[in-house]
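The sequence shown begins at 1 in full-length UniProt numbering and counts up one residue at a time.
Built from N, CA and C at the ideal position, the CB exists for glycine as well.
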Amino acid sequence: MERDESVVEIERDSMEFDVVIVGAGPAGLATAIRLKQLAAEKNQEINVCVLEKGAEVGAHILAGAVIDPESLTELLPDWKKDGAPLQTEVTHDEVLFLTATGTLRTPEWAIPPGMKNHGAYIGSAAQLVRWLGEQAEALGVEVYPGFPAARILYGDEGQVRGVITGDMGVGRDGKPTDAFQPGMELLGRYVVFAEGSRGHLGRELMERFQLEAESDPQSYGIGIKELWEVPPEKFRPGLVVHTAGWPLDNATYGGGFIYHFGENLVAAGYVVGLNYQNPYLSPFEEFQRWKTHPALRDTFEGGRRLEYGARAITAGGINALPKLVFPGGCLVGCEAGFLNAARIKGVHSAIKSGMLAAESIAQALAEGRSHDVLQGYPEAFRQSPLHEELWKTRNFKAAMGKGLVLGSLLVGLDQVVFRGKLPFTLHVKKADHCYLKPASECQPIEYPKPDGRITFDRMSSVFISNANHDENQPSHLRLKDPEVPVAVNLARYAGPEARYCPAGVYEFVEHEDGSGLKLQINASNCVHCKTCDIKDPTQNIVWTTPEGGGGPNYSSM
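This is the structure we're talking about:
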């Protein structure tokens, strides 16, 4: 892991807690809430703090979101009475296979069990997380939004001791400005990492402790989402639509969703597996043209786009799950990869993983332990219903890697016929960035121009994500070698970073002296999706945390 040279080495203030949690998403907040519940039950005192890099809790949270309430009910049984923002129960599921002009509706009997959402709720994950943050604070959890964990602190024996929050007021040149404020050391007897998909500290931990040594390479997708307000006559509360097929080709995994919830709101989104092969493919443009399909377009006609965002999805499932524990801490939620891609759901599994981790930590603290390996957590996971759920869908990602037609048949056989109990397990063999083919072997894709009504460009989309970064700070998107983007990525792969980024962060532009092209990084556009860190074919781009409060500011995503 490269050292962050922009961090100024100075003497820092420090605070000590029993547990430090990095990330105020569903997993991190569930961990905090459960710790406080257990402390109250056992008359313990457990001091817990939660760090959140977003400007407020929920600012960086984006999901579909059809939410299985099982784990939420286990954590907070009175969530309905206490005002959790989940009011729209799923009433109907549709699964569509699209061609360029036609639609094939999947019969009820052929829909895999995981795609049937009876009993689930449609809502905003960002709003749910804000509510969870309120519940955590009411229990005495200290929640600090706008304070990213920038570095990990290790003890003399290599154990995780805590984290350092990011320095504020560092200039673009890496030197302190007049507004400089040093980050703090936050020390914990245990540190829980809940950064979400492809967390930058989680990536460091994976390498340092070899947490992925015995698992399949992790698989990711990019999820791109818009929130729409549609005319009342087109609103069908509780409708859940999933699509596969067009506009992607048979070799590329992906699909779309449309969820009706709230008051005339429609969540529309598209997921593209980041193991795609054609460097000319643009997930953003695929999503835009998907909305123009004859079966979907009418939903958006006369409507108004309210929000836009994008996020990587950790989709490898149980086969790609790393070791969850290391000296001094653990991984929870999408930091580890608990999302169930076959169900397109991760909130319930994030909450459950946080609860399991909390129970192991509370036991360790009660026994007077600290900074050791929490072996009770992975053991509790192996004995939990979550493990059984993920095991039943273990073949999904590898099956869909075999193409839409064969993959769908394999998933149908696995889930509908064998109910997740196929007598063999399929495996993913290589990381997503290894799949990209040279541009010379691929066909360029011509995408239609946006019409500004149904389809849009990147910049107008980034604008309504409310993305914001202080311009005078070091770029949080680092290049290991500044020559590689042009010498390798542009020459061999036609510059895929200009297409896989859904926010227009990367552009190939002329050098000021006219000597050729260079890669320009518009870091202020970044919506923190992490796609560049995952898909860059040379793994030359490293995503690090920017100054606190930077990034998107989602309201209802």
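#1: Output needed for Thr-538: all residues of its chain with C-beta closer than 7 Å, excluding positions within five of it in sequence on either side, in chain order.
#2: If you draw a straight line from the C-alpha of Phe-456 to the C-alpha of Gln-218, how long is it?
#3: Taking the alpha helix (DSSP H) that Ala-523 falls in, what are its first and last residues?
#4: Beta-carbon separation of Val-266 and Trp-290 under 8 Å?
#5: Report all residues from its chain with a CB closer than 6 Å to the CB of Arg-3; omit the five preceding and five following residues, and keep chain order.
#6: Drop a sphere of 10 angstroms on the beta-carbon of Ser-6, count the other beta-carbons inside from all chains shown, and report buried for 16 or more, exposed for fewer.
#7: For Ile-521, count neighbouring Cβ atoms within 10 angstroms of its own Cβ and tell me buried if that reaches 16, exposed if not.
#8: From what residue to what residue does the beta strand (DSSP E) around Arg-105 run?
#9: Sorted by chain position, which residues of the same chain lie with C-beta nearer than 8 Å to Ala-491's C-beta, five sequence neighbours on each side aside?
#10: Could you give the residue range of the alpha helix (DSSP H) that holds Phe-147?
#11: Roughly how far, in whole angstroms, is the beta-carbon of Leu-477 from the beta-carbon of Cys-529, given that I think they are within contact range, below 8 Å?
#12: Quick one: grab the DSSP three-state call for Thr-425.
#13: Specify, as a first and last residue, the run of the alpha helix (DSSP H) that Tyr-500 falls within.
#14: How close, in whole Å, do the beta carbons of Asn-340 and Gly-346 come, if the pair is a contact with beta carbons under 8 Å?
#15: Per DSSP, Ala-312 forms a beta bridge with which residues?
#16: Is the segment 435-453 close to the segment 269-279, with three or more CB pairs under 8 Å?
#17: Would you mind giving the Cβ-Cβ distance between Ile-21 and Ala-32, rounded to the nearest angstrom? I have them listed as a contact below 8 Å.
#18: Nearest to Pro-423 by CA position, among Arg-394, Lys-430, Lys-429 and Glu-286, is which residue?
#19: How close, in whole Å, do the beta carbons of Pro-85 and Trp-131 come, if the pair is a contact with beta carbons under 8 Å?
#20: Output yes or no for whether 8 Å exceeds the beta carbon distance between Pro-552 and Gln-473.
#21: Note down the Cα distance separating Ile-10 from Gly-171, rounded to an integer number of angstroms.
#22: By Cβ distance below 7 Å, which residues in the same chain neighbour Pro-294 in space, the five residues on each side in sequence not counted?
#23: Assuming Gly-329 contacts Val-143 under a Cβ cut-off of 8 Å, what Cβ separation, rounded to an integer in Å, is found between them?
#24: With DSSP as the reference, label Leu-436 as helix, strand or coil.
#25: Do you know how far the Cα of Asp-470 is from the Cα of Gly-166?
#26: Return yes when the Cβ of Arg-189 is within less than 8 Å of the Cβ of Leu-426, no when it is not.
#27: Starting from Gln-181, follow the alpha helix (DSSP H) in both directions and report where the run begins and ends.
#28: So who's on the other strand from Val-66, going by DSSP bridges?
#29: Note down, in chain order, each residue of its chain lying with its Cβ closer than 7 Å to the Cβ of Leu-406, except the 5 sequence neighbours on either side.
#30: What do you reckon, are the CB atoms on Pro-182 and Leu-51 nearer than 8 Å?
#31: I need the DSSP call for Ala-267, collapsed to helix, strand or coil.
#32: Please list, in chain order, all residues of the same chain as Arg-311 whose beta carbon is under 6 Å from its beta carbon, the five residues on each side excluded.
#33: Pull up the distance between the alpha-carbon of Ala-336 and that of Gly-514, whole angstroms please.
#34: What are the boundary residues of the alpha helix (DSSP H) that includes Gly-412?
#35: Whose C-alpha, out of Gly-262, Leu-201, Gly-309 and Pro-283, is nearest the C-alpha of Gly-23?
#36: What do you reckon, are the CB atoms on Asn-186 and Cys-49 nearer than 8 Å?
Considering the structure as presented:
#1: Here residue 538 refers to the residue found at position 538 when the sequence shown is read from its first residue. Apart from the 5 residues on each side of it in sequence, Thr-538 sits with its Cβ closer than 7 Å to the Cβ of Val-484, Val-488 and Asn-489 in its chain, given in chain order.
#2: Stepping through the sequence shown from its first residue, residue 456 is reached at position 456. Stepping through the sequence shown from its first residue, residue 218 is reached at position 218. Going by C-alpha positions, Phe-456 is about 31 Å away from Gln-218.
#3: Indexing the sequence shown from 1 puts residue 523 at position 523. Per DSSP, Ala-523 lies in no alpha helix (DSSP H) and is assigned neither H nor E.
#4: By 1-based counting over the sequence shown, the position of residue 266 is 266. By 1-based counting over the sequence shown, the position of residue 290 is 290. With respect to the 8 Å criterion, Val-266 and Trp-290 are not classified as neighbours on the basis of their beta carbons.
#5: Here residue 3 corresponds to residue number 3 of the sequence shown, with the count starting at 1. Model confidence at Arg-3 stands at a pLDDT of 43, short of 50, so the residue's coordinates are unreliable; what they give is reported in the following sentence. Taken in chain order, the list of residues that qualify is empty.
#6: Within the sequence shown, residue 6 is the residue found at index 6, counting from 1. Its pLDDT being 43, under 50, Ser-6 is placed unreliably in this model, and the value from its coordinates should be taken loosely. In summary, Ser-6 is buried, with 16 or more beta-carbon neighbours lying within 10 Å of its beta-carbon over all protein chains present.
#7: As a working mapping, residue 521 is identified with position 521 in the sequence shown. With 16 or more other Cβ atoms inside 10 Å of its own Cβ, Ile-521 counts as buried.
#8: Within the sequence shown, the letter at position 105 stands for residue 105. The continuous beta strand (DSSP E) containing Arg-105 extends over residues 103-105.
#9: Indexing the sequence shown from 1 puts residue 491 at position 491. So no residue of the chain qualifies.
#10: Position 147 of the sequence shown, counted from the start, is the residue given in the question as residue 147. Boundaries for Phe-147: no alpha helix (DSSP H) harbours it, and the DSSP string shows neither H nor E there.
#11: Sequence index remark: in the sequence shown, residue 477 carries index 477 (1-based). Sequence index remark: in the sequence shown, residue 529 carries index 529 (1-based). Between Cys-529 and Leu-477 the Cβ distance is about 12 Å, and since that is not below 8 Å, they are no contact.
#12: Taking the sequence shown and counting its residues from 1, one reaches residue 425 at position 425. Correct three-state label for Thr-425: coil.
#13: By one-based count along the sequence shown, residue 500 stands at place 500. That run of the alpha helix (DSSP H) goes 497-500.
#14: As a working note, residue 340 is residue 340 in the sequence shown. As a working note, residue 346 is residue 346 in the sequence shown. The beta-carbon separation of Asn-340 and Gly-346, rounded to 7 Å, stays under the 8 Å limit for a contact.
#15: Taking the sequence shown and counting its residues from 1, the one referred to as residue 312 is at position 312. DSSP lists Ile-222 as partners of Ala-312.
#16: Counting Cβ pairs under 8 Å, three or more are found: they touch.
#17: Counted from its first residue, the sequence shown places residue 21 at position 21. Counted from its first residue, the sequence shown places residue 32 at position 32. Between Ala-32 and Ile-21 the Cβ distance is about 6 Å, and since that is below 8 Å, they are a contact.
#18: On the sequence shown, residue 423 is found 423 positions in, with the first residue counted as 1. Taking only the C-alpha atoms, the option nearest Pro-423 is Arg-394.
#19: Locating residue 85 in the sequence shown gives position 85, counting from the first residue. Locating residue 131 in the sequence shown gives position 131, counting from the first residue. Their Cβ separation, rounded to whole angstroms, is 6 Å, which keeps Pro-85 and Trp-131 in contact under 8 Å.
#20: Along the sequence shown, read from residue 1 onward, the residue named residue 552 stands at position 552. Along the sequence shown, read from residue 1 onward, the residue named residue 473 stands at position 473. Gln-473 is positioned such that its CB atom lies no closer than 8 Å to that of Pro-552.
#21: Reading the sequence shown from its first residue, position 10 is the one you call residue 10. Reading the sequence shown from its first residue, position 171 is the one you call residue 171. Gly-171 has its alpha-carbon roughly 16 Å from the corresponding atom of Ile-10.
#22: For the purposes of this step, residue 294 is taken as residue 294 along the sequence shown, with counting starting at 1. Thr-101, listed in sequence order.
#23: The residue you call residue 329 lines up with position 329 of the sequence shown. The residue you call residue 143 lines up with position 143 of the sequence shown. Taking a contact as a CB-CB distance under 8 Å, the pair Gly-329 and Val-143 does not count as one, their CB atoms being some 19 Å apart.
#24: By one-based count along the sequence shown, residue 436 stands at place 436. Looking at Leu-436 - three-state DSSP - the assignment turns out to be coil, as it is neither helix nor strand.
#25: For the purposes of this step, residue 166 is taken as the residue at position 166 of the sequence shown. For the purposes of this step, residue 470 is taken as the residue at position 470 of the sequence shown. If I take the Cα positions, the gap works out to 14 Å.
#26: Within the sequence shown, numbered from 1, the residue matching residue 426 stands at position 426. Within the sequence shown, numbered from 1, the residue matching residue 189 stands at position 189. No, the Cβ-Cβ distance between Leu-426 and Arg-189 is not below 8 Å.
#27: To locate residue 181, count along the sequence shown from 1; it is residue 181. Note, Gln-181: premise wrong, no alpha helix (DSSP H); beta strand (DSSP E) at 176-181.
#28: Within the sequence shown, the letter at position 66 stands for residue 66. In DSSP, Val-66 forms a bridge with Ile-122.
#29: The residue you call residue 406 lines up with position 406 of the sequence shown. Excluding the 5 residues flanking it on each side, Leu-406 has no same chain C-beta neighbour closer than 7 Å.
#30: Stepping through the sequence shown from its first residue, residue 182 is reached at position 182. Stepping through the sequence shown from its first residue, residue 51 is reached at position 51. With contacts defined as CB atoms closer than 8 Å, Pro-182 and Leu-51 fail to qualify as a contacting pair.
#31: Taking the first residue of the sequence shown as position 1, residue 267 is located at position 267. Ala-267 falls in the strand class under three-state DSSP.
#32: Here the question's residue 311 lines up with position 311 in the sequence shown. Within the same chain, Leu-62, Gly-223 and Cys-529 come within 6 Å of Arg-311 by CB-CB distance, once the 5 residues on both sides are set aside.
#33: In the sequence shown, residue 336 corresponds to position 336, counting from 1. In the sequence shown, residue 514 corresponds to position 514, counting from 1. It is roughly 45 Å from the alpha-carbon of Ala-336 to the alpha-carbon of Gly-514.
#34: Here residue 412 is taken as the residue at index 412 of the sequence shown, counted from 1. That run of the alpha helix (DSSP H) goes 404-412.
#35: Reading the sequence shown from its first residue, position 23 is the one you call residue 23. For the set Gly-262, Leu-201, Gly-309 and Pro-283, the Cα lying nearest the Cα of Gly-23 is the one of Leu-201.
#36: Looking up residue 186 in the sequence shown gives position 186. Looking up residue 49 in the sequence shown gives position 49. This sequence places Leu at residue 186; Asn is not what is there. Contact: yes.
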